[in-house]
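**Q** Below are the structure tokens for one structure; questions will follow.
2 protein chains.
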Amino acid sequence: MSQAATVTQSFFQNLKVPEGDKTYQKLLDSGLELFTEFGLRRTTMEDVATKAGVGRATAYRRFSDKDQLIQVVILRECQRELSKIEDDLRSIEGGLERVLESFVLAVTRAYGHPLLRRLMTSEPETILPMLTQRLWQMMSFFRIYLASLLDRVKKEGDIRDQSSEMLAELMLRLVQSMVLSPDGVMNPADEASVRKVAELYLRPLLSR
Amino acid sequence: MSQAATVTQSFFQNLKVPEGDKTYQKLLDSGLELFTEFGLRRTTMEDVATKAGVGRATAYRRFSDKDQLIQVVILRECQRELSKIEDDLRSIEGGLERVLESFVLAVTRAYGHPLLRRLMTSEPETILPMLTQRLWQMMSFFRIYLASLLDRVKKEGDIRDQSSEMLAELMLRLVQSMVLSPDGVMNPADEASVRKVAELYLRPLLSR
Numbered sequence: 001m002s003q004a005a006t007v008t009q010s011f012f013q014n015l016k017v018p019e020g021d022k023t024y025q026k027l028l029d030s031g032l033e034l035f036t037e038f039g040l041r042r043t044t045m046e047d048v049a050t051k052a053g054v055g056r057a058t059a060y061r062r063f064s065d066k067d068q069l070i071q072v073v074i075l076r077e078c079q080r081e082l083s084k085i086e087d088d089l090r091s092i093e094g095g096l097e098r099v100l101e102s103f104v105l106a107v108t109r110a111y112g113h114p115l116l117r118r119l120m121t122s123e124p125e126t127i128l129p130m131l132t133q134r135l136w137q138m139m140s141f142f143r144i145y146l147a148s149l150l151d152r153v154k155k156e157g158d159i160r161d162q163s164s165e166m167l168a169e170l171m172l173r174l175v176q177s178m179v180l181s182p183d184g185v186m187n188p189a190d191e192a193s194v195r196k197v198a199e200l201y202l203r204p205l206l207s208r
Numbered sequence: 001m002s003q004a005a006t007v008t009q010s011f012f013q014n015l016k017v018p019e020g021d022k023t024y025q026k027l028l029d030s031g032l033e034l035f036t037e038f039g040l041r042r043t044t045m046e047d048v049a050t051k052a053g054v055g056r057a058t059a060y061r062r063f064s065d066k067d068q069l070i071q072v073v074i075l076r077e078c079q080r081e082l083s084k085i086e087d088d089l090r091s092i093e094g095g096l097e098r099v100l101e102s103f104v105l106a107v108t109r110a111y112g113h114p115l116l117r118r119l120m121t122s123e124p125e126t127i128l129p130m131l132t133q134r135l136w137q138m139m140s141f142f143r144i145y146l147a148s149l150l151d152r153v154k155k156e157g158d159i160r161d162q163s164s165e166m167l168a169e170l171m172l173r174l175v176q177s178m179v180l181s182p183d184g185v186m187n188p189a190d191e192a193s194v195r196k197v198a199e200l201y202l203r204p205l206l207s208r
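Note that the protein sequences, when read in sequence, are chains B and D. When you line the first sequence up against UniProt numbering, it's residues 1 to 208, in that order. When you line the second sequence up against UniProt numbering, it's residues 1 to 208, in that order.
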């Protein structure tokens, strides 16, 4: 099982995700599609159920309300993006290089994610509190995830011995800031610019 | 004239702040007080005028609308906080130490600012977009300000030669993230925690 799968599993357990439930997956797929196209506000549970080809009652047996559906859709996107990043990192030689690349991928992928783009544009009042004041849950999840990557790389002797948790949070806070406030000298839309941030500030902090 | 006064001056010029206009200052004082106590939404221009002891028409001769008043109140708070930070930094020996302390003061003062606390609690829908998607103007202002401090310290040979603009933005993005998302391993309410961030991550990046 991949790292992302292991860590997100505990989150998903809280939300009682039934493994192998095709209807559940179809509802999530439909939710993602509709939320990305029309936003959260204008999409109803009924819309999602219809698109998934099931009845309203069937949808409500899986998700107590739209908020819960939204939450699971977002968590699944996080898990998917993490899995993709893990795949991309596999081809990279050296622990330090993998950590730096994970930062570049996290910033550019998060910034470019269609659902996030959509909500930042049309529903900032919903998404901004989630990505700021109520970020702590998602932040702890990503921090634990990233810290475990840092711990492994540290054990291999590829980066300096230091608190993985703090360093992970530092990296995540930069990801957060660049995604929320893309207009600066550091530009999350430009991979070269993100890479420069990693080289200038993370490499010296990570290097032994 | 202090550094803060020089840099904010250009901002204030755009807003046509009449120097020495007592009524103008009184309106700003009343605005700050009412916004902090009741929030932005529930405070009208009329309330502000009444508190300042002037008529509605007089208030509107100074500020075209409440939004402009809010903007100037916030800018003035930024200028005041910067001046206070400048004063506090004067007693600190060594350029590197001054830069590190400026970070600690920026995080703790911004996080603890009564108006910001108030708006983050009762009007996130107004303040969050200002501190994220529309941060670029304020961010450029602070970046220019902090970069000029870094440039001076660099000239004195107290910190490593590097892009002051990028480094300033890195520091400001951490300030932003800690103010917006205080719940993490890094805690903006705890000065010792902020100082640890400065020691662990900024000192190595700044040191020659």
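Glycine is no exception: its CB is placed at the ideal position from the N, C-alpha and C atoms.
Which value, in whole angstroms, describes the spacing of the CA atoms of Arg80 (chain B) and Leu115 (chain B)?
**A** 13 Å
**Q** One question on the structure: do Leu40 (chain B) and Thr121 (chain B) come within less than 9 Å of each other, judged by their Cβ atoms?
**A** no
**Q** In three-state DSSP terms, what is Glu86 (chain B)?
**A** DSSP places Glu86 (chain B) in helix when its eight states are reduced to three.
**Q** Run through chain D and tell me which residues come within less than 7 Å of Glu191 (chain B), C-beta to C-beta.
**A** Neighbours of Glu191 (chain B) on chain D: none; closest Cβ ~16 Å, over 7 Å.
**Q** Ser207 (chain D): buried (16+ other C-beta within 10 angstroms of its C-beta) or exposed?
**A** Answer is exposed; the Cβ neighbour count stays below 16.
**Q** With distance defined between alpha-carbon atoms, name the residue in D:Asp29, D:Glu37 and D:Val73 nearest to Gly53 (chain D).
**A** When only C-alpha atoms are compared, the closest one is D:Asp29.
**Q** Confirm, please, whether the CB-CB distance from Leu69 (chain B) to Lys51 (chain B) is below 9 Å.
**A** no
**Q** Using C-beta distances below 6 Å, list every residue in its chain close to Ile98 (chain D), excluding the 5 sequence neighbours before and after it, in chain order.
**A** Residue identity differs from the one stated: residue 98 (chain D) is Arg in this sequence, not Ile. Leu89 and Ile92.
**Q** Is there a Cβ of chain B sitting closer than 9 Å to that of Tyr60 (chain D), yes or no?
**A** no
**Q** How do the segment 175-186 of chain B and the segment 102-118 of chain B stand: do at least 3 beta-carbon pairs fall below 8 Å, yes or no?
**A** Taking 8 Å as the limit for Cβ pairs, the verdict is that the segment 102-118 of chain B does touch the segment 175-186 of chain B.
**Q** Around the C-beta of Thr44 (chain D), are 16 or more other C-beta atoms found within 10 angstroms, so that it is buried, or is it exposed?
**A** exposed
**Q** Along the segment 144-169 of chain B, what residues have a CB closer than 9 Å to any CB found in chain D?
**A** Gln162, Ser163, Glu165, Met166, Leu167, Ala168 and Glu169
**Q** Taking the alpha-carbon of Gly184 (chain D) as reference, which of B:Lys66, B:Glu123, B:Leu149 and B:Leu167 has the nearest alpha-carbon?
**A** B:Leu167
**Q** Roughly how far, in whole angstroms, is the beta-carbon of Ile205 (chain D) from the beta-carbon of Pro204 (chain B), given that I think they are within contact range, below 8 Å?
**A** In the sequence as presented, Ile is not what sits at residue 205 (chain D); that position holds Leu. By a beta-carbon distance limit of 8 Å, Leu205 (chain D) contacts Pro204 (chain B). Their separation comes to about 6 Å.
**Q** For a test of the three-state rule: what should DSSP assign to Leu135 (chain D), helix, strand or coil?
**A** If DSSP states are grouped into helix, strand and coil, Leu135 (chain D) belongs with coil.
**Q** For residue 273 (chain D), does the count of other Cβ atoms within 10 angstroms reach 16, so buried, or fall short, so exposed?
**A** Because chain D here runs from 1 to 208, residue 273 (chain D) falls outside it and cannot be looked at.
**Q** Going along chain D, which residues have a C-beta under 8 Å from Met45 (chain B)?
**A** Chain D residues near Met45 (chain B): none, gap ~24 Å exceeds 8 Å.
**Q** Using the Cβ count rule (16 or more neighbours within 10 Å means buried), how would you classify Arg62 (chain D)?
**A** By the 10 Å Cβ count, Arg62 (chain D) comes out buried.
**Q** Quick check on Val104 (chain D): does DSSP put it in helix, strand or coil?
**A** Collapsing the DSSP output to three states places Val104 (chain D) in a helix.
**Q** Which runs of the alpha helix (DSSP H) spanning at least 4 residues fall entirely within the UniProt DNA-binding region "H-T-H motif" (44-63) of chain B, listed in chain order?
**A** 45-52 and 56-62
**Q** Counting only the same chain and skipping the five closest in sequence on each side, list residues whose C-beta sits under 7 Å from that of Glu165 (chain B).
**A** Arg143 and Ala147
**Q** For a test of the three-state rule: what should DSSP assign to Met186 (chain D), helix, strand or coil?
**A** coil
**Q** Which word fits Lys154 (chain B), buried or exposed, when buried means at least 16 other C-beta atoms lie within 10 angstroms of its C-beta?
**A** buried
**Q** Specify the secondary structure class of Asp21 (chain D) as computed by DSSP and reduced to three states.
**A** In the three-state DSSP reduction, Asp21 (chain D) falls in the coil class, being neither helix nor strand.
**Q** With burial defined as no fewer than 16 other Cβ atoms inside 10 Å of the residue's Cβ, what is the status of Tyr60 (chain B): buried or exposed?
**A** exposed
**Q** Is Ser181 (chain D) buried or exposed, if buried means 16 or more other CB atoms sit within 10 Å of its CB?
**A** buried
**Q** Out of B:Ser64, B:Asp47 and B:Glu86, which one is the CA nearest neighbour of Leu105 (chain B)?
**A** B:Glu86
**Q** I'd like to check one pair, Cys78 (chain D) with Phe141 (chain D): are the Cβ atoms closer than 9 Å?
**A** yes
**Q** Roughly how many angstroms separate the alpha carbons of Ala57 (chain B) and Asp47 (chain B), rounded to a whole number?
**A** 12 Å
**Q** From the beta carbon of Gln176 (chain D), is the nearest beta carbon of chain B less than 9 Å away?
**A** yes
**Q** Give a yes or no on whether the C-beta atoms belonging to Leu100 (chain D) and Glu199 (chain D) are separated by under 9 Å.
**A** yes
**Q** Which bits of chain A does Tyr111 (chain B) rub up against, with CB to CB less than 8 Å?
**A** Reference to chain A is not applicable here, since the protein chains of this structure are B and D.
**Q** Under 8 Å between beta-carbons, which chain B residues line up against Leu89 (chain D)? List them in chain order, please.
**A** Within chain B, no residue has its beta carbon less than 8 Å from that of Leu89 (chain D); the closest one is some 23 Å off.
**Q** Could you check which residue in D:Met171, D:Tyr24 and D:Ser83 has the C-alpha nearest to that of Gly55 (chain D)?
**A** Selected option, being the one with the closest Cα: D:Tyr24.
**Q** Quick check: what's the CA-CA separation for Val194 (chain D) versus Glu169 (chain B)?
**A** Roughly 13 Å separates the two Cα atoms.
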